[in-house]
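A quick write-up on the structure given underneath.
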Amino acid sequence: MTPLDAAEGQQRPRDLDQTLPEDQGHAIDRDQDQDQSQDQNRDQTQNRGSDPALIEGFWERARAAVPTLPADLPEVWAFGATRAQADDLLALVLDGTKTGTASSLWDLEAAGERLPEPGDPSIVLDGEGLPRAVIITTAVRVTPFGAVDEEHARAEGEGDLTLRAWREIHERFWRTHAESERGFAPDMPVVCERFVLAYAEPAAEER
Numbered sequence: 001m002t003p004l005d006a007a008e009g010q011q012r013p014r015d016l017d018q019t020l021p022e023d024q025g026h027a028i029d030r031d032q033d034q035d036q037s038q039d040q041n042r043d044q045t046q047n048r049g050s051d052p053a054l055i056e057g058f059w060e061r062a063r064a065a066v067p068t069l070p071a072d073l074p075e076v077w078a079f080g081a082t083r084a085q086a087d088d089l090l091a092l093v094l095d096g097t098k099t100g101t102a103s104s105l106w107d108l109e110a111a112g113e114r115l116p117e118p119g120d121p122s123i124v125l126d127g128e129g130l131p132r133a134v135i136i137t138t139a140v141r142v143t144p145f146g147a148v149d150e151e152h153a154r155a156e157g158e159g160d161l162t163l164r165a166w167r168e169i170h171e172r173f174w175r176t177h178a179e180s181e182r183g184f185a186p187d188m189p190v191v192c193e194r195f196v197l198a199y200a201e202p203a204a205e206e207r
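What the sequence shown shows, in the UniProt record's numbering, is residues 1 to 207, in sequence order.
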């Protein structure tokens, strides 16, 4: 992805050999404060290079628990631009707070990524690059930055859940972490994605 959440505007990192910079700025999703722009997450998030065997084993367990999941391995990525952001945004997904994410269409185009589609499953990694969850895209729409609404802002689950916070977090994220040379613009096209959590596993230390 490309998904990043603005904490969302991520590039949906799909390749397991990509690395999550230690502190580069996953600032997409949550700011920890708002650096949360992590979702943009999908688009700018990079994987740490998880062991393919771990990913395959996780997918087998997920399919055993959710038989409707496809046999083919889906995209694998993490939210945000840093390890901390990946963990923070994932936590919001796991507790049910985050059910949406946003990506820059310009970033997806720059990275040669396709638009997500309803029904697409994804494996979401934590900050250590370990598979923790499977989400399934339920809706996708492309809209100008200024036209993103309150409902979507709440679905992303970041900051105080207001549209104002969403705009501040995502503008900061795209100005800092955009993959496209066009960066941020008030009328830039934003890919607003909604998803459901289909499967999750606890962190290794919690097992």
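Heads up, the beta-carbon is just placed ideally off N, CA and C, and yes, glycines get one too.
If you check the CB distance, Gly157 and Lys98 come in under 8 Å. In the DSSP assignment, Val190 forms a beta bridge with Ser104 and Thr143. The beta-carbon distance between Glu179 and Ala71, rounded to whole angstroms, is 31 Å. This is too long to meet the 8 Å contact definition. Secondary structure of Phe184 (DSSP, three-state): coil. By the criterion of a C-beta distance shorter than 8 Å, Leu54 is surrounded in its chain by Leu130 and Pro131, once the five residues flanking it on both sides are discounted. An exposed status is given to Thr162, since fewer than 16 other beta-carbon atoms sit within 10 Å of its beta-carbon. In the DSSP assignment, Leu125 falls within the beta strand (DSSP E) that extends over Pro121 to Leu125. About 6 Å separates the beta carbons of Val124 and Leu90, which is inside the 8 Å limit, making them a contact pair. For the pair Val134 and Pro118, the CB atoms are not nearer than the 8 Å cut-off. Residue environment for Gly112: exposed (fewer than 16 other C-beta atoms within 10 angstroms of its C-beta).
Boundaries of the alpha helix (DSSP H) harbouring Val93: Arg83 to Leu94, taken from the DSSP string. In this structure, Thr101 lies away from Asp120, with their beta-carbon atoms at least 8 Å apart. For Pro52, the secondary structure class from DSSP, reduced to helix, strand or coil, is helix. The beta carbons of Leu108 and Val196 sit no closer together than 8 Å. Judged by DSSP in its simplified three-state form, Glu113 adopts coil rather than helix or strand.
Proximity to Pro202 across Trp77, Asp87, Arg83 and Ala64 peaks at Asp87, based on C-alpha coordinates.
Of the residues Glu128, Val93 and Ala62, the one whose Cα lies closest to the Cα of Arg83 is Glu128.
For the options Ala62, Phe79 and Asp51, the alpha carbon positioned closest to that of Ala198 is the one of Ala62.
Counting other Cβ atoms within 10 Å of its Cβ, Val66 stays below 16 and is therefore classed as exposed. Nearest to Leu69 by C-alpha distance, out of Val148, Ala147, Ala153 and Phe58, is Phe58.
Annotation: Ala78 to Asp126 spans about 6 Å, alpha carbon to alpha carbon.
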